[in-house]
Ligand SMILES: CC(C)(COP(=O)(O)OP(=O)(O)OC[C@H]1O[C@@H](n2cnc3c(N)ncnc32)[C@H](O)[C@@H]1OP(=O)(O)O)[C@@H](O)C(=O)NCCC(=O)NCCS
């Protein structure tokens, strides 16, 4: 528990239990499939069991989640979602900081991700740079970005 931001009322940490895993998957379904229209079979891509999942907790509820998959010295970061009524409090930014800490702790030297272009400033502000052109994935405009650690 490196980011226990009690002043802002949330905590970022790895998930610990199957119930928390289920809550993280339910949040992803709500955000990506219901809100953004991503097909469930694309959202659940078969890589969850091999990943490291972070969650954001607020008042005992899982209000944020993201996934890190380690491939050699690179981290593939994805599935960043924050519950609609918990947004713009810095929760995603705190999860990106914790991702840096986890990645370094695992000896990784690079984090890569596909950012939705509407939220690009989130990643710009966290030190990510673009590494290619914009493209469409699941009908949503994205850009590949990376951060060297
Ligand atoms: C994108 C998302 C994860 C951001 O979570 P959040 O906790 O609200 O983000 P933060 O509060 O840390 O935002 C930090 C900065 O990111 C940028 N940002 C966040 N949400 C944004 C939005 N909807 N539009 C534009 N910029 C945004 C802003 O620069 C923001 O700073 P500000 O609040 O001072 O303006 C959240 O809106 C979400 O779950 N969206 C739906 C799923 C999604 O798009 N996931 C990201 C895939 S790349």
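Numbering (my numbering), first residue to last: 9 to 157.
No residue lacks a Cβ here, since even glycine has one placed at the ideal position from N, Cα and C.
Contacting residues, own chain, Cβ-Cβ under 7 Å from residue i (five flanking each side not counted)
| i | result |
| --- | --- |
| residue 139 | 152, 153, 154 |
| residue 66 | 17, 18, 94 |
| residue 40 | 46, 51, 89 |
| residue 145 | 122 |
| residue 112 | 157 |
| residue 38 | none |
Cβ-Cβ separation, residue j to residue i (assumed contact under 8 Å), whole Å
| i | j | result |
| --- | --- | --- |
| residue 123 | residue 36 | With a Cβ gap of about 17 Å, residue 123 and residue 36 do not count as contacting. |
| residue 82 | residue 128 | Contact flag wrong, Cβ pair sits at about 20 Å. |
| residue 78 | residue 120 | About 12 Å; that fails the 8 Å criterion. |
| residue 71 | residue 28 | With a Cβ gap of about 12 Å, residue 71 and residue 28 do not count as contacting. |
Rounded separation between residue i and residue j - CA only
| i | j | result |
| --- | --- | --- |
| residue 126 | residue 143 | 13 Å |
| residue 132 | residue 26 | 33 Å |
| residue 97 | residue 49 | 30 Å |
| residue 136 | residue 46 | 24 Å |
| residue 156 | residue 32 | 27 Å |
| residue 130 | residue 114 | 24 Å |
| residue 116 | residue 80 | 8 Å |
| residue 87 | residue 76 | 9 Å |
| residue 34 | residue 106 | 22 Å |
| residue 147 | residue 43 | 13 Å |
Paired residues, beta bridge with residue i - DSSP
| i | result |
| --- | --- |
| residue 85 | 76 |
| residue 118 | 82, 156 |
| residue 124 | 150 |
| residue 60 | 76 |
| residue 145 | 148 |
| residue 46 | Looking at the DSSP assignment, residue 46 forms no beta bridge with any residue, so it has no partner. |
| residue 90 | 72 |
Same chain, Cβ closer than 8 Å to residue i, neighbours up to 5 away in sequence not counted
| i | result |
| --- | --- |
| residue 149 | 124, 125, 126, 142, 143 |
| residue 63 | 20, 21, 22, 23, 28, 31, 32, 70, 72, 73 |
| residue 68 | none |
Cβ neighbours of residue i in the same chain (closer than 6 Å, five flanking residues each side left out)
| i | result |
| --- | --- |
| residue 134 | 104 |
| residue 60 | 76 |
is_contact[residue i, chain D] using C-beta, thresh 8 Å
| i | result |
| --- | --- |
| residue 84 | No chain D appears in the structure shown, which is made up of a single protein chain. |
**Asked** Are there three or more Cβ pairs, one per stretch, closer than 8 Å when the stretch 94-104 is compared with the stretch 46-56?
**Response** no
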